[in-house]
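To start, the structure under review is shown below, and the notes come after it.
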Amino acid sequence: MKEEKLDAETPFEQYGIDSIMITKLTNCLEAVFERIPRTLFFECQTLAELTEYFVEVYAEKLIQITGLKVSYSDLSPVSVEAIDEMNSQSSATAATFNAGVLSGNKIALQPKEISKTVIAKPAIPVAKEPIAIIGLGGRYPGAQTIADFWENLKAGKDSITEIPADRWNLTDFYDEEKGKAGKSYSKWGGFLEHMDHFDPLFFNISVREAELMDPQARLFLQTAWETLEDAGYTKAKLQGEKGKNSSGAQVGVYVGVMYEEYPLFGAEENAKGNFVNPGGSISSIANRVSYFFNLHGPSMAVDTMCSSSLTAIHLACESIQNGSCTMALAGGVNLSVHPNKYLMLSQGSFAVLVR
Numbered sequence: 004m005k006e007e008k009l010d011a012e013t014p015f016e017q018y019g020i021d022s023i024m025i026t027k028l029t030n031c032l033e034a035v036f037e038r039i040p041r042t043l044f045f046e047c048q049t050l051a052e053l054t055e056y057f058v059e060v061y062a063e064k065l066i067q068i069t070g071l072k073v074s075y076s077d078l079s080p081v082s083v084e085a086i087d088e089m090n091s092q093s094s095a096t097a098a099t100f101n102a103g104v105l106s107g108n109k110i111a112l113q114p115k116e117i118s119k120t121v122i123a124k125p126a127i128p129v130a131k132e133p134i135a136i137i138g139l140g141g142r143y144p145g146a147q148t149i150a151d152f153w154e155n156l157k158a159g160k161d162s163i164t165e166i167p168a169d170r171w172n173l174t175d176f177y178d179e180e181k182g183k184a185g186k187s188y189s190k191w192g193g194f195l196e197h198m199d200h201f202d203p204l205f206f207n208i209s210v211r212e213a214e215l216m217d218p219q220a221r222l223f224l225q226t227a228w229e230t231l232e233d234a235g236y237t238k239a240k241l242q243g244e245k246g247k248n249s250s251g252a253q254v255g256v257y258v259g260v261m262y263e264e265y266p267l268f269g270a271e272e273n274a275k276g277n278f279v280n281p282g283g284s285i286s287s288i289a290n291r292v293s294y295f296f297n298l299h300g301p302s303m304a305v306d307t308m309c310s311s312s313l314t315a316i317h318l319a320c321e322s323i324q325n326g327s328c329t330m331a332l333a334g335g336v337n338l339s340v341h342p343n344k345y346l347m348l349s350q351g352s353f354a355v356l357v358r
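Read in order, the letters of the sequence shown correspond to residues 4 to 358 in our numbering.
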């Protein structure tokens, strides 16, 4: 597009700028201006707003690049200490991920680090700032990645199948007639492939411990990594989100979890004399992510039935806005690993009779 066709007040989205292009533009700008916030193109949505941001935050760098000097008579000087306070109050972003699952991140809009008085505007009140999704990861029935899931949606693909043989023996628990004791009248559902695939050593977990972990915890941990990778964050880079009084990154983890069935296998094995204790509290699903990444923000699992994932995302957004964390991972996980879920749903007549 020719320069003369660009309008300073036209939103970037009208020029066809998407999330991929935003990432590339941010990386290009970061090569020149260094600490460019990942939410820049969400906070500044026109050329005019983008120009204002760079003039205010990177004034000296712009003078070096252009050789031009400008007047800032309409702005008041702010000390480095004041900017630090602004940064601690700034809001930013949540991203979403799914493993049956969705995820979250926020980054404060920060000026470049400096060692003297600079020009800046007072921070916008936290509650009024939008929250940007900067990373996404997920596993879905018939889709190992978000890209696969999107292709399935475009194609209108039906990913509902019969209960896979590697979950449980269908003949032991299925009867098409409703009301049979100990039987499910439904044999359909959405199931993930390779839900038991996991690299424990990558996450500093022993093979034995991984076997006892709820598969939902393993899946959420994997998808959390993918989401942060999609957002451009490494474990080391996350530590840049440390709070003033924290030794770890102020990043929250919120997961919606509706079922806790893996421990049922432990009860069955214990009845046979094989004493094992698999699973654990659903809170550990969020806590493992926080522990592995050294995140010191809120870390919690929530169960509000079918709305669990949405509730987790809502709580993550609230934590970002009230300053409890600087960014957040949020989503949900739901795996069918034991026939008890189907038996319970059939007993309450909640299960679907046909596909």
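Note that the Cβ used here is the ideal one computed from N, Cα and C, for glycine as well.
A straight line joining the alpha-carbon of Arg-41 with that of Ile-323 spans about 15 Å. Residue burial annotation: Pro-133 is exposed, with fewer than 16 other C-beta atoms found within 10 angstroms of its C-beta. Pairing Ala-315 with Gly-259 gives a Cβ-Cβ distance under 9 Å. A contact is defined here as three or more CB-CB pairs under 8 Å, and the region 134-154 meets this definition with respect to the region 227-236.
A direct Cα-to-Cα measurement between Gln-147 and Asp-202 gives close to 16 Å.
Here the alpha carbon of Val-305 sits roughly 15 Å from the alpha carbon of Gly-283. By the Cβ criterion, the region 44-51 is in contact with the region 8-15, since at least three pairs of Cβ atoms, one from each stretch, lie closer than 8 Å.
Within the model, the alpha-carbon separation for Asp-169 versus Gly-192 is close to 14 Å.
Taking every protein chain shown into account, the CB of Gln-67 has fewer than 16 other CB atoms within 10 angstroms, so this residue is exposed. Within the DSSP secondary-structure output, Ser-349 pairs in no beta bridge.
If the five residues before and after Leu-173 are omitted, its C-beta is found closer than 8 Å to the C-beta atoms of Glu-165, Ile-166 and Lys-190, all from its own chain and listed in chain order.
CA-CA distance, Ser-302 to His-341, rounds to 27 Å. Per DSSP, the unbroken beta strand (DSSP E) holding Ser-302 starts and ends at 302-305. Burial state of Ala-11 is exposed, judged by a 10 Å Cβ sphere holding fewer than 16 other Cβ atoms. In this structure, DSSP gives Glu-165 an extended state, which the three-state scheme calls strand. Residue pairing by DSSP places Trp-191 opposite Glu-165 in a beta bridge. The Cβ atoms of Leu-338 and Tyr-262 lie closer than 9 Å to each other. The C-beta of Asn-207 has fewer than 16 other C-beta atoms within 10 Å across all chains shown, which makes the residue exposed. With fewer than 16 neighbouring CB atoms inside 10 Å of its own CB, Glu-180 falls in the exposed class.
C-alpha of Thr-26 to C-alpha of Leu-32: approximately 10 Å in a straight line. In the DSSP annotation of this structure, the continuous segment of the alpha helix (DSSP H) that includes Gly-269 starts and ends at 266-274.
Under DSSP, Val-258 takes part in a beta bridge, and its partners are Ala-304 and Gly-334. Short of 8 Å from the beta carbon of Ser-352, and not among the five residues preceding or following it, lie these beta carbons of its own chain, in chain order: Lys-181.
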